[in-house]
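For the sequence shown, position 143 (counting from the first letter as 1) is numbered 156 according to the numbering used here, and the numbering increases by one without interruption.
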Amino acid sequence: WAADESKIALTRVDMSPVEKITRSEIYADSIKMITQRYPLAGTANVEIGLGVYQLKNRQTSWIDLGAEKDIYLARAKWMPDSQTLTYQWQSRNQQQLELRAYDSQSKKQRVLIKESSNTWLNLHDDLYFVSQNEVLWASERDGFNHLYLFDNTGKMLKQLTQGEWVVDSVEAIDTVNQKVYFTGRKDTPIEKHLYSVSLQDGAINKVSQRAGFHNITFSDDAAIYVDRFSTFNTPWQVSLHNAQGKKLTWLEQNQVDSTHPLYSFQHQWIKPDFGTFNTKDGTELHYRLFKPKKLKGKHPAIVFTYGGPHAQVVQDRWYGNRGLLMQYWVNKGYVVFTVDNRGSNYRGKAFEEPLYQKMGSIEVDDQVEGVEFLLSLGFVDKDRVGIHGHSYGGYMTLMAMFKAGDTFSAGVSGAPVTDWLLYDTHYTERYMGNPTVVSEAYTAASVFPYAKNLKNPLLIYHGMADDNVLFKHSTKLYKHLQDLAIPFETMDYPGKKHSIRGKNTGIHLYKTVTNFFDRTIGLEK
14 WAADESKIAL TRVDMSPVEK ITRSEIYADS IKMITQRYPL AGTANVEIGL GVYQLKNRQT
74 SWIDLGAEKD IYLARAKWMP DSQTLTYQWQ SRNQQQLELR AYDSQSKKQR VLIKESSNTW
134 LNLHDDLYFV SQNEVLWASE RDGFNHLYLF DNTGKMLKQL TQGEWVVDSV EAIDTVNQKV
194 YFTGRKDTPI EKHLYSVSLQ DGAINKVSQR AGFHNITFSD DAAIYVDRFS TFNTPWQVSL
254 HNAQGKKLTW LEQNQVDSTH PLYSFQHQWI KPDFGTFNTK DGTELHYRLF KPKKLKGKHP
314 AIVFTYGGPH AQVVQDRWYG NRGLLMQYWV NKGYVVFTVD NRGSNYRGKA FEEPLYQKMG
374 SIEVDDQVEG VEFLLSLGFV DKDRVGIHGH SYGGYMTLMA MFKAGDTFSA GVSGAPVTDW
434 LLYDTHYTER YMGNPTVVSE AYTAASVFPY AKNLKNPLLI YHGMADDNVL FKHSTKLYKH
494 LQDLAIPFET MDYPGKKHSI RGKNTGIHLY KTVTNFFDRT IGLEK
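Right under this line is the structure:
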């Protein structure tokens, strides 16, 4: 809707070009065969149209998106005048992005801002019209996500934030006091803080104070905000603050006192160490390390990983059930270690880009160097290092077990991608390119060329109704390993989707993973 409610911007989606696939959802007592249109990497996308519907005359005007139909319509947003609609046009290869402005009266349009990259452009939601004449926009054009101020003709007025750190997102704009409030990683990439920046002189002030992770929700007038705060060992606490950061009241203190369900476990809890090490080529990587309270001799270790783009695992924030599982493991005597390899988020674009058209390569190299660093500390048994991850982390686990079997003695792969040709266009082609052009990159990023090298225990689990990473990813690998006569273990969950949800199912999964490591590298070995 336009702000004055006179017009509606709308899309028309033609799905007919998209191929139909049939996938199975296997339940305990039935199997559903589902046919749906799914744009596999390298295949046709939908055709998209953008229109403006005028309520006064009930007429729709269709906007000319250009001669090239194989594009993405990424975002659309009205300017405050309710006459000009902006929309973000993105090329199929996601290397070109244009912020365009369409005048709904004259039907003319112009390009306000252009972004380009030799790899890919990350989309964002940080487009704000500060006034009738000023546009706030986020960009990674200098290598890090920062905030810029343009006029409404597309002329850059100033760069508001800069430096070798990233802005997470804009949280509020105070037009009266000429301030923009944003969350970002100015102090450290493993914590998320609230800052303000002056629209006039660019001065940045840190608003949040407690070390850790702050998720922020402002009031419409930018006068007060709700802070959802945590650290790795502090469950989420919710408080109300004024715009200067002063706490006004608790909304949910969630203090771990004698009435809290986690209280009786506090004497067992380990506070993780956070730190960095440098790879052989000089790249700084962040890690999180849990050590048993009593270090005695050489301990088995579990490396927990995700490893993929748009994600970060080494953060000082509450990690939910997985964080509790790590506490359980370390209390059993495991060292628990996590590294954010190159390709992961919140370190800048140059840190992400090494995986471009090379998924499953630099990420594994960095994880191996992480283990080498871990072994240098002197309390980990080099022959008892396991690795575990889910989704992209499941893919990482397979690649580590197949490509670095001398480093990892056992692995648990959860809901893994095994072949990127089975995943969707927009995600996969962003990082891997189009397989019709770079088929060899897809072959190299698949797990199948390396599966023959598996020599250590491997457990694969998957939800049998997964509609994100289809169950086909795992069954294809099952057959491949069977054809190679290579033993492995499986645990599949009837009716479960990608996240394997359900309290008792989760308990079963965590027990299965833990028992596997106990048998292969841990207590029972």
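We put the CB at the ideal spot given by N, CA and C, even for glycine.
Asked: Can you tell me which residues form a DSSP beta bridge with G197?; Found: V180, H206
Asked: Report the option in F461, G333, R514, L490 whose CA atom is closest to the CA atom of D479.; Found: R514
Asked: So, for K311: in the same chain, excluding its five sequence neighbours on each side, which residues have a beta-carbon less than 7 Å away from its beta-carbon?; Found: F392, V393, D394
Asked: Within a Cβ cutoff of 6 Å, which residues of the same chain sit near S487, ignoring the five residues on either side of it in sequence?; Found: I473, H475
Asked: Only counting the same chain, and skipping five residues up and downstream in sequence, which positions put a Cβ closer than 6 Å to that of T441?; Found: A54, W433
Asked: Going by the DSSP bridge assignment, what does Q273 pair with across the sheet?; Found: Looking at the sequence provided, one finds His at residue 273 rather than Gln. Answer is none; H273 lacks a bridge partner.
Asked: Quick check on E153: buried or exposed, where buried means 16 or more other Cβ atoms within 10 Å of its Cβ?; Found: buried
Asked: The beta strand (DSSP E) that contains F303, what's its start and end?; Found: 297 to 303
Asked: From the DSSP output, in three-state form, read off I520 for me.; Found: helix
Asked: Under three-state DSSP, which class holds Q340?; Found: helix
Asked: By DSSP, does L368 sit in helix, in strand, or in coil?; Found: helix
Asked: Quick check on DSSP: helix, strand or coil for W91?; Found: strand
Asked: Smallest Cα separation from S211: which of K199, F226, G225, V189?; Found: V189
Asked: According to DSSP, what are the bridge partners of I229?; Found: D240
Asked: Report yes or no: do the segment 355 to 362 and the segment 318 to 336 share at least 3 C-beta pairs separated by less than 8 Å?; Found: yes
Asked: Identify the continuous beta strand (DSSP E) that holds L125 and give its terminal residues.; Found: 122 to 129
Asked: Helix, strand or coil: how does DSSP classify Q281 here?; Found: helix
Asked: So for Q266, helix, strand or coil by DSSP?; Found: coil
Asked: Is the beta carbon of K33 closer than 8 Å to that of Y66?; Found: no
Asked: With three or more beta-carbon pairs closer than 8 Å as the criterion, would you say the segment 374 to 391 touches the segment 203 to 210?; Found: no
Asked: Work out the CA separation of Q145 and V352 for me, nearest whole Å.; Found: 45 Å
Asked: Relative to the alpha-carbon of H323, which residue among N158, K307, L68, D286 has its alpha-carbon at the smallest distance?; Found: N158
Asked: For D234, tell me which candidate among Q213, Y408, Y194, A224 has the shortest Cα-Cα distance.; Found: Y194
Asked: Please determine if the segment 123 to 130 and the segment 156 to 172 are in contact, where contact requires at least 3 C-beta pairs separated by less than 8 Å.; Found: yes
Asked: What does the alpha-carbon distance come out to for the pair Y436 and D270?; Found: 46 Å
Asked: Does DSSP put H475 in a helix, in a strand, or in coil?; Found: strand
Asked: Taking the continuous alpha helix (DSSP H) assigned at L411, which residues delimit it?; Found: 405 to 416
Asked: Give the secondary structure of H486 by DSSP, where H, G and I count as helix, E and B as strand, and everything else as coil.; Found: helix
Asked: Among all the DSSP beta bridges, which residues are the ones paired with V384?; Found: Paired residue(s): none; V384 is not in a bridge.
Asked: Buried or exposed, going by whether 16 or more other CB atoms sit within 10 Å of the CB of T431?; Found: buried
Asked: Anyone know if the C-beta pair for Q103 and Y85 falls short of 8 Å?; Found: yes
Asked: Which one of T196, T244, G62, K260 has the shortest CA to CA distance from A80?; Found: G62
Asked: Touch check for the segment 331 to 341 and the segment 233 to 250: three-plus C-beta pairs under 8 Å?; Found: yes
Asked: If we count the other Cβ atoms within 10 Å of its Cβ and call it buried at 16 or more, is H403 buried or exposed?; Found: buried
Asked: Hey, out of H521, L490, L160, G361, whose CA is closest to W178's CA?; Found: G361
Asked: With distance defined between alpha-carbon atoms, name the residue in D286, L490, K309 nearest to Y300.; Found: D286
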